[in-house]
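Letter by letter, the sequence shown follows residues -24 to -1, 1 to 220 in mature numbering (1 follows the signal peptide of the UniProt record, and there is no 0).
These notes concern the structure reproduced below.
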Amino acid sequence: MKFKSITLAVAVGLLVGTSGSVWNSGNNIAHASASSPQVRSILPNNDRTQILDTLNGHYQSVCFIYVNNAIQGSGVVVGPNTILTNRHVVSKAKSPQNIKIAPARKSQTEIPFGSFEASDFIVNDEEDLAVVHVSPKSIGSIGEIVAQAKIVNNPSTSVGDSITVTGYPGDKPWATMWESKGKVVYTNDDTIRYNASTYGGNSGSPLFNDKNEVIGIHHAGGSTWNAAVRFRPSIYNFIQENIK
């Protein structure tokens, strides 16, 4: 049973989609075709707030990710056994089991549901996006113990819209969840740019609209903006086809 109820807008589908590459214990990861992300940026609009009640509402779907005991990232629960993050967060994992996922983590010592392990992941061949499948634990599946976030197909986003980026920035106390508020400054079919500040560790963070729906996955930045992969129809379908 979910801790709190948030509507899930993604359907359970096939394990492997037509536009991605899968890695499990017997496969090598495919080379990524998209360009490497730039450094995430602290911008003049540095409106970041620590989330102290990580079990409240949509925050519980946000995950701390730790790869090879070295690489820190963020993600979001979107299915019973599925999270989303960036391809560049997980692509260097020595094995899927070296990807550790802690939903609603509050701090270095406060981990409400403990840590889960990945069983495999699928990287998108066009965008900096990965669908990660998560092994259940004795307490249940990751998407059963926390609410699954709602994702939006082909979101209607305009310049000036309010957004938040929620994740685990590396310039803050380790493994603490932070929300960064901002506005959309540019959007097209593939990307959403915004003036919300982020930092290394925010990679894979969900980009929420003002309804707390996920409209993209944060992955990169420039000198005056940060950016997310937008859920255009082909990306939304890729996610749906690979949810477990």
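Here a beta-carbon is modelled for each residue, glycine too, at the ideal position from N, C-alpha and C.
These figures come from a predicted structure and were not determined experimentally.
Sequence-distant residues of the same chain with beta carbon closer than 6 Å to residue i, five excluded per side
i	result
Thr200	none
Arg81	Phe40, Ile87, Ala151
Ser91	Lys76, Ala78
Glu102	none
Contacting residues, own chain, Cβ-Cβ under 7 Å from residue i (five flanking each side not counted)
i	result
Val66	Val43, Ile75, Phe97, Ala106, Val108
His195	Pro13, Asn62, Asp104, Ser179, Ala203, Ala204, Val205
Leu183	Ile139, Val141, Ile168, Val190, Ile191, Gly192, Ile193, His194, Ala204
Ala209	The question names Ala, but residue 209 in the sequence shown is Pro. Once the five neighbours on either side are set aside, the close Cβ partners of Pro209 are Asn129, Asn130.
Val53	Ser37, Cys39, Ile59, Pro79, Ile118, Gly119, Val122, Gln124, Ala125
Gln84	Trp150, Ala151
Cross-strand partners of residue i (DSSP beta bridge)
i	result
Trp154	Gln26, Gly143
Gly197	Asn202
Enclosing beta strand (DSSP E) for residue i [first to last residue]
i	result
Arg169	167 to 170
Asn100	92 to 100
Val54	47 to 55
Phe184	182 to 184
Ile75	75 to 79
Selection from the options that minimises the alpha carbon distance to residue i
i	options	result
Ser37	Asn100, Asn45, Tyr144	Tyr144
Val99	Gly197, Leu60, Ser132, Ile41	Leu60
Val161	Gly177, Ile118, Gly197	Gly197
residue 238	Ser83, Tyr175, Gln26, Phe207	In the structure as shown, the chain starts at -24 and stops at 220, and residue 238 therefore has no counterpart that could be examined.
Gly55	Ala69, Ala46, Asn171, Ser111	Ser111
Nonlocal neighbours in the same chain, by C-beta distance under 8 Å from residue i, ignoring five residues either side
i	result
Ser173	Ser17, Ile18, Leu19, Asn21, Asn22, Asp23, Arg24, Ser156, Gly158, Asn202
Where residue i falls: helix, strand or coil (DSSP)
i	result
Ser114	coil
Pro20	coil
Ile59	strand
Ser134	coil
Gly176	coil
Val38	strand
Ile191	strand
Ile87	coil
Gln14	Note on Gln14: pLDDT 48, under 50, position unreliable in the model; no value is reported.
Start and end residues, alpha helix (DSSP H) containing residue i
i	result
Ile211	209 to 217
Test: residue i CB closer than 7 Å to a CB of chain E
i	result
Gln73	Of the protein chains in the structure, only one exists, and it is not chain E.
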